[in-house]
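Student: Numbering (numbering that gives the first Met the number 0), first residue to last: 0 to 277. Ideal placement from N, C-alpha and C gives every residue a C-beta, glycine not left out. This is the structure I have questions about; it appears just below.
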Amino acid sequence: MPVTVQQLAPADSDALRALLAKDPAHNLYLLGLLQEFGIAPTDHRSSFAYWGRFDGKTLTAAVFVGGGGGLMVPSAGDGSATGVIADALAERVRLKASVGEKPAVDALVRSLCPGKPRLSKNYRLFSVSADDLGPFTNPLLRLARDEDVPRLLPLAVGAVKEIHDRDALAEDPHFEARVAQRVRAKRTYVLEENGELVFKVDIGSRSQFGAELENLYTVPSQRKKGHALLCLGQISRFLLSSLPRLTLRVEEKDESLARIARKVGYLAGRTQRLVLAE
């Protein structure tokens, strides 16, 4: 069968969803993007596309390309299949950031990132279902509110600094607005103690197939008190009352968070890679 690469159109939505649903845990981020934004932009302000590799008429791999390479997310699976898409995009896309399964991200970097990435980290993708949850909870964990944003901002900045080694406020003039938008979208949960926000966690992606948690952060003065363990257990129990699974990326050298995830009931999956080229 001939192998082709082409931009996906609305007519390919079912094929893309079926491809991603074959491995929903490792494709949760893409499934959330697809559910939230669709397969093609609906207004001129958006700039993204999905590109797919076809064996004959069968879709076998896909890559989300946002902002001309500002964010690239490959489907889970064979890295060589992603490499075919990357080679086809070499004349039109420059990779700026990518996250996904390591072999697939490796293929994108080889073809679309001419220099050494500014940041490259390996993660283990952990996942959990309701049947696996341990007894850890903290009912004081709550949705962040608009009035929390000024106090929440330092935690959001701290999370980006620790995870991505970036000064979010200096590099992104819209960072505070993004934090506020996530709060309005009911995607940020916080723990407050004695009038101080001591812990935060975000829902990064959500669809009927599950949700991905990200940016877990405890303020340094409040660490080793069990906040992350109890709050991860709490939000996991809450979300799994209506979703089939959750995932969480844990940096491979972050043994502390890996232990917390395992205690809550999360199981380690395949290796992921995050790349920031600029």
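Let me know if Gly194 comes out buried or exposed under the rule of 16 or more other beta-carbons within 10 Å of its beta-carbon.
Tutor: exposed
Student: Pull up the distance between the alpha-carbon of Ala176 and that of Thr217, whole angstroms please.
Tutor: 21 Å
Student: In angstroms, rounded to a whole number, what distance separates the CA positions of Val189 and Phe198?
Tutor: 6 Å
Student: Going by DSSP, what residues sit across from Asp145 in a beta bridge?
Tutor: DSSP lists no partner for Asp145.
Student: Which residues in the same chain as Ala103 place their Cβ atom closer than 6 Å to its Cβ, once the five residues preceding and following it in sequence are excluded?
Tutor: Pro73, Gly78, Thr81
Student: If we count the other Cβ atoms within 10 Å of its Cβ and call it buried at 16 or more, is Met0 buried or exposed?
Tutor: exposed
Student: So, at 8 Å on beta carbons, what are the nonlocal neighbours of Pro9 in its own chain, with the 5 sequence-adjacent residues on each side left out?
Tutor: Gly37, Ile38, Ala39
Student: Between Leu124 and Arg248, how many whole angstroms is the CB-CB distance? I'm expecting something under 8 Å.
Tutor: 6 Å between Cβ atoms; contact.
Student: State the DSSP-derived secondary structure class of Val249, mapped to helix, strand or coil.
Tutor: strand
Student: Could you pull the start and end residues of the alpha helix (DSSP H) that Lys101 belongs to?
Tutor: Lys101: member of the alpha helix (DSSP H) spanning 101-111, first to last residue.
Student: Relative to the C-alpha of Ser126, which candidate in Glu161, Lys262, Gly55, Ala167 has its C-alpha closest?
Tutor: Lys262
Student: How close, in whole Å, do the beta carbons of Ala89 and Ser119 come, if the pair is a contact with beta carbons under 8 Å?
Tutor: Between Ser119 and Ala89 the Cβ distance is about 20 Å, and since that is not below 8 Å, they are no contact.
Student: As a quick exercise: from Ser97, Ala267, Gly232, pick the residue whose alpha carbon is nearest that of Tyr28.
Tutor: Check the Cα spacing between Tyr28 and each of Ser97, Ala267, Gly232: the tightest is with Ser97.
Student: Please classify Lys223 as buried or exposed, where buried requires at least 16 neighbouring CB atoms within 10 angstroms.
Tutor: exposed
Student: Once DSSP output is grouped into helix, strand and coil, what is the label at Thr136?
Tutor: coil
Student: Can you find at least 3 beta carbon pairs, one from the stretch 8-22 and one from the stretch 64-72, that sit closer than 8 Å?
Tutor: no
Student: Taking the alpha helix (DSSP H) that Tyr28 falls in, what are its first and last residues?
Tutor: Taken as a continuous stretch (DSSP letters only), the alpha helix (DSSP H) holding Tyr28 covers 27-36.
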